[in-house]
Structures are given as C-alpha cells and as structure tokens.
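In the numbering used here, the protein residues as written are -4 to 71. Working notes, beginning with the structure itself.
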C-alpha cells in the first residue's frame, strides 16, 4: 500500500476509526458521501477544512481495506 499520510487512527478520536488528519471526519463518512452521489466538489463545499487530497486518500484507503479482507455478501 502506498503511503497515506492524511489518514490517521487514534483511539481517542472517533473511537479509533480511520480519520482525516486527526479530525473528527472519518474515512467512512467520506466514502458514504461519495456513495450517496455527492461529488468531490460538493463535499469540499460542505467541509471547507478538507482538501481534495484528503478525499482522494480516503478513497484509496477504503479501496485498500476492501482488498485486504474477504467480505461475505448476502445473495438474494
């Protein structure tokens, strides 16, 4: 995995979830916003303290994490 210097984990912040630069913004929140149809520019407008690279690293981190474990999906 490449070096992701904007992704931090601290047990005292958001219960140790992966966050952006030590802030209370989780990778999951970013990915959830993208999944809900928000564009990167929409997220940046809603969270002006974030930077484009924060979002890009959050997406790369999430992609890396999903490749590292097998997830069993329910089949209908």
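C-beta atoms are modelled at their ideal positions from N, C-alpha and C, and glycine is treated no differently.
May I ask you to list the residues that DSSP assigns as paired with residue i?
i	result
residue 21	14
residue 3	14
I need the DSSP call for residue i, collapsed to helix, strand or coil.
i	result
residue 8	coil
residue 27	helix
residue 46	coil
residue 58	helix
residue 40	helix
residue 53	helix
Going by other Cβ atoms of all chains shown within 10 Å of its Cβ, with 16 needed for buried, is residue i buried or exposed?
i	result
residue 58	exposed
residue 1	buried
residue 36	exposed
residue -2	exposed
Inspect the beta-carbon positions of residue i and residue j and report whether they are closer than 7 Å.
i	j	result
residue 21	residue 12	yes
residue 74	residue 15	Shown here, the chain extends from -4 to 71; a query on residue 74 therefore has no answer.
Comparing alpha-carbon positions, which option in the options lies nearest residue i?
i	options	result
residue 54	18, 42 and 23	23
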